[in-house]
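K.L.:
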Amino acid sequence: MQRKQPYQESASQNIMAVILQSLPQEAGLTKIEYEGPRIALYSRNPSYLMQNNQLVSNMVNTIKKRIVVRTDESIRRPQQESAKIIEETIPKEVGVSGTFFDAVTGEAVLFAKRPWMLAQVGEDFDNIELAEKTGWKVRVRKAPRDMSPIESLYETLGETVSERTRFYREVGDKIFRDKLSNSAEASLITLGGFAEVGRSCILLTTRESRILLDCGINPSARDSLAALPRFDVAGVAMEEIDAVVLSHAHLDHTGFLPALFKYGYGGPVYCTEPTLLLMTMLQRDYIRRAGSKNALYSDRDIESAIMHTITLTHGIVTDISPDVKLVLSNSGHILGSTSIHLHIGNGDHNLVYTGDMKFGKTLALDNALWNFPRVETMIIESTYGGKEDIMCPREQAEANLLNVISRGIAAGRCVLIPVPAAGISQELLLVLDRHMKEGRLQGAKVLVEKTISEATAIYEAYPEFLSKELRRCVLESEASQFGYDKFATVDSAALDNEPALILAPSSMLAGGPSVNYLKQIAGDPMSRLVMVSYQAADTPGRAIQDGARQVTIKGETIRLQCQVDRIDGFGSHSDYNQLMNYVGRLRPKLRRVLVNHGERPKAQNLASMINKQYRIQTQHPLVQEAIKLL
Ligand SMILES: [Zn+2]
193 MQRKQPYQES ASQNIMAVIL QSLPQEAGLT KIEYEGPRIA LYSRNPSYLM QNNQLVSNMV
253 NTIKKRIVVR TDESIRRPQQ ESAKIIEETI PKEVGVSGTF FDAVTGEAVL FAKRPWMLAQ
313 VGEDFDNIEL AEKTGWKVRV RKAPRDMSPI ESLYETLGET VSERTRFYRE VGDKIFRDKL
373 SNSAEASLIT LGGFAEVGRS CILLTTRESR ILLDCGINPS ARDSLAALPR FDVAGVAMEE
433 IDAVVLSHAH LDHTGFLPAL FKYGYGGPVY CTEPTLLLMT MLQRDYIRRA GSKNALYSDR
493 DIESAIMHTI TLTHGIVTDI SPDVKLVLSN SGHILGSTSI HLHIGNGDHN LVYTGDMKFG
553 KTLALDNALW NFPRVETMII ESTYGGKEDI MCPREQAEAN LLNVISRGIA AGRCVLIPVP
613 AAGISQELLL VLDRHMKEGR LQGAKVLVEK TISEATAIYE AYPEFLSKEL RRCVLESEAS
673 QFGYDKFATV DSAALDNEPA LILAPSSMLA GGPSVNYLKQ IAGDPMSRLV MVSYQAADTP
733 GRAIQDGARQ VTIKGETIRL QCQVDRIDGF GSHSDYNQLM NYVGRLRPKL RRVLVNHGER
793 PKAQNLASMI NKQYRIQTQH PLVQEAIKLL
């Protein structure tokens, strides 16, 4: 048995001893290595450990660290040969769309059109046979309609094998080093997204580590000082940050991440796999729209961010520094969105940052998780934290939407709905698909802008992050659940004279294809613009929602003669009642609630109502404040 890494004595030595004592000869152990926050056991006989997975569970319970079983490089057959073996082993009817290999982990992911032919839905495909034949651990997943986001991810991963191998070991060394001190301390600095919506960014400092929670931009800010997180006041250099944790993919939470790498950050980024894919797509789209000269970073910086990202699933406790453990849990906002639970020190403090959160079920996603075992401090969003922010019930919202669309289509005109690429868009696609199937929405040609279709393909690729009902439908059926048998994908198209319903980003009409379509319909009094999503301050969408009939977008003045409708009830954020119910549901006794991600009056209102109703100390800090937790 070789020991590649010079393990530090004490804690690490103890871990090694437990592992060695627990494993019999048949396990074929060849080496033990850090793989980021996990401990990887390499084996020449991986099927033994797969069949006896209780052995691994027991070890995890004893050492309280995450363990993964990897196949030893010496038994892995070349990728092409393995792909051929897989093709020959798996029946044709399964419809394999592609197999992707990651030489760092020795895992292969096989995407199939009919995965239910290989395993019961919801269960991992029994991969022992393929592991024995190929030497790779093969996971089977449902193939999305469009494989390009997955192909692009694996292309980047394939180009960075040696860097990632080294990087994972270095990250492990830092996480599992011995603590420098036994006393606990923790504080926050608000770098963005407090008393405002946009550039969400919080720095958590403990005795042992500096951790960044989200790293966004504010695309609608008037000047650059308000557009970016205030790293200048934090007094921390990029290379001094130990880890970044992301709640979800929207650019107001991830848009600055590649710039961190451009300016010297080289540590890990933790998020879910759908967040990685969606944010990469949105960041690339941002560069395309800003133009490479004006963009804050280049495609190379995005690739650097991908290379440094360690994806996690919901509900697994993961060490991310010597004194911080992380658990991500569903926040119901968009695919892969999470609330971030940080356990600081030895049970000294628990911080939950909700991220953008929907405490209400939608067709696409389950309700945000609320049953945290312990929370002392909570940071909660307040997008709709005002008393007046009470959304109409979902059934009513759907009826209103159908009514507005039907009127526009019946008049032979266009209906434009500006939406974000990911979030409300997919919810609307599900709603439209259902009503069309049930015959309530007829004669409508539905045009879906390209970036929305790309994001939807990512939704289809990760059914385990969808609501329980939708997950089952996606996994068990070949038909698109998002209406792609009826809807057409377009790329900033020129509209003809036919009536059409158009879904296009950006949602706030600040730029992008929705503005192109708005220009085409604005002069027609019979066409309709329908506002369904959140409109941030100082955006053209907000001005129109507040009644403006003329807006200037990127220097061009647009006069609106079309009808403007506002429909609420589809929001991917909790409304005021849902925010209050969420806090009321939490069982642990909170010591303090910090309110963020809302315009100042909304944050203020939510803070004062939580304080009044639940008798919890609350704050609604501004950007650039320091808050001591412990
Ligand atoms: Zn969001």
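Here the sequence shown stands for residues 193 to 822, where the numbers follow this note's numbering.
In this text, a Cβ means the ideal position worked out from N, Cα and C, and glycines have one as well.
Predicted, not measured: the structure shown is a model, and the values here were computed from it.
(1) Run through the DSSP bridge pairs and tell me what Phe840 is partnered with.
(2) Mind listing, in chain order, the residues whose beta carbon lies closer than 5 Å to a non-hydrogen atom of ligand 1?
(3) In the DSSP output, which residue or residues are listed as bridge partners for Arg840?
(4) Is the CB of Ile320 under 8 Å away from at least one CB in chain B?
(5) In whole angstroms, give me the CA-to-CA distance for Glu377 and Val707.
(6) Report all residues from its chain with a CB closer than 8 Å to the CB of Asn250; omit the five preceding and five following residues, and keep chain order.
(7) Run through the stretch 444 to 478 for me and flag every whole alpha helix (DSSP H) of 4 or more residues, listed as ranges in chain order.
(8) For Pro610, which of helix, strand or coil comes out of DSSP?
(9) As an exercise, report each continuous beta strand (DSSP E) stretch of at least 3 residues that is fully enclosed by the stretch 356 to 390, in chain order.
(10) Using 8 Å as the Cβ pair cut-off and three pairs as the minimum, do the stretch 378 to 387 and the stretch 683 to 696 touch?
(11) Per DSSP, which one or two residues make a beta bridge with Asn522?
(12) Let's test the definition: count the other Cβ atoms within 10 Å of the Cβ of Gln770 and tell me whether it reaches 16, buried, or not, exposed.
(13) Per DSSP, Ala680 forms a beta bridge with which residues?
(14) Just how far apart, CA to CA, sit Asp406 and Thr446?
(15) Below 8 Å between beta carbons: does that hold for Met723 and Gln742?
(16) So, are the CB atoms of Ser598 and Leu633 less than 8 Å apart?
(17) May I ask you to verify whether the stretch 529 to 538 touches the stretch 512 to 521, counting CB pairs closer than 8 Å and requiring at least 3?
(18) Please go through the same chain and pick out, in chain order, the residues whose beta-carbon is closer than 6 Å to the beta-carbon of Ile745, but skip the five residues on each side of it.
(19) From the DSSP output, in three-state form, read off Gln753 for me.
(20) For Gly228, which residues of its own chain have a beta-carbon under 7 Å away from its beta-carbon, when the five flanking residues on both sides are left out?
(21) What runs of the alpha helix (DSSP H), each 4 residues or longer, lie entirely inside the stretch 570 to 613?
(22) Using the Cα positions of Ile826 and Glu641, report the straight-line distance between them to the nearest angstrom.
(23) Does DSSP put Arg414 in a helix, in a strand, or in coil?
(24) Residue range of the beta strand (DSSP E) that Arg175 falls in?
(25) Going by DSSP in three states, Ala426 sits in which element: helix, strand or coil?
(26) Quick check on Glu227: does DSSP put it in helix, strand or coil?
(27) Between which residues of its own chain and Leu322 is the CB-CB distance below 7 Å, once the five residues before and five after are set aside?
(28) Can you find the residues in the same chain that come closer than 8 Å, C-beta to C-beta, to Arg751, ignoring five residues on each side of it along the sequence?
(29) Helix, strand or coil: which one does DSSP assign to Glu748?
(30) Return the CA-CA distance between Leu662 and Val210, expressed in angstroms with no decimal places.
(31) Give me the DSSP bridge partner(s) of Thr731.
(32) Among the residues of its own chain, which have a CB less than 7 Å from the CB of Lys579, if the five just before and after it don't count?
(33) If we call anything under 8 Å between Cβ atoms a contact, is Asp548 one with His627?
(34) Residues in its own chain within less than 6 Å of Gly314 by CB, not counting five upstream and five downstream?
(35) Using C-beta distances below 6 Å, list every residue in its chain close to Ala845, excluding the 5 sequence neighbours before and after it, in chain order.
(36) Comparing alpha-carbon positions, which option in Ile601, Phe551 and Asn542 lies nearest Pro565?
P.N.:
Considering the structure as presented:
(1) There is no way to answer for residue 840, as the model of the chain reaches only from 193 to 822.
(2) His442 and Asp548
(3) Any question about residue 840 goes unanswered here, given that the chain covers just 193 to 822.
(4) As a matter of chain content, chain B is missing from the structure shown, which is built from one protein chain.
(5) 49 Å
(6) Ser214
(7) 449 to 454
(8) strand
(9) 378 to 384
(10) no
(11) For Asn522, which the question treats as bridged, DSSP gives the partners Thr530.
(12) buried
(13) Looking at the DSSP assignment, Ala680 forms a beta bridge with Leu639.
(14) 6 Å
(15) no
(16) For Ser598 and Leu633, yes; Cβs fall inside 8 Å.
(17) yes
(18) Val707 and Pro732
(19) coil
(20) Tyr360, Val363, Gly364, Pro460 and Ile502
(21) 586 to 602
(22) This structure cannot speak to residue 826, because the chain is shown only from 193 to 822.
(23) Residue state, collapsed to three classes: coil.
(24) Because the chain is modelled from 193 through 822, residue 175 falls outside the range shown and cannot be assessed.
(25) helix
(26) strand
(27) Taking C-beta separations shorter than 7 Å and ignoring five residues to either side along the sequence, the partners of Leu322 in its chain run Ile278, Thr281 and Val330, following chain order.
(28) Ala714, Gly715, Arg741 and Gln742
(29) strand
(30) 42 Å
(31) Beta-bridge pairing by DSSP links Thr731 to no other residue.
(32) Tyr768 and Asn797
(33) no
(34) Legend: pLDDT at Gly314 = 49, less than 50; position of this residue unreliable, value from coordinates given subsequently. Excluding sequence neighbours, Gly314 sits near nothing in its chain.
(35) Because the chain is modelled from 193 through 822, residue 845 falls outside the range shown and cannot be assessed.
(36) Asn542
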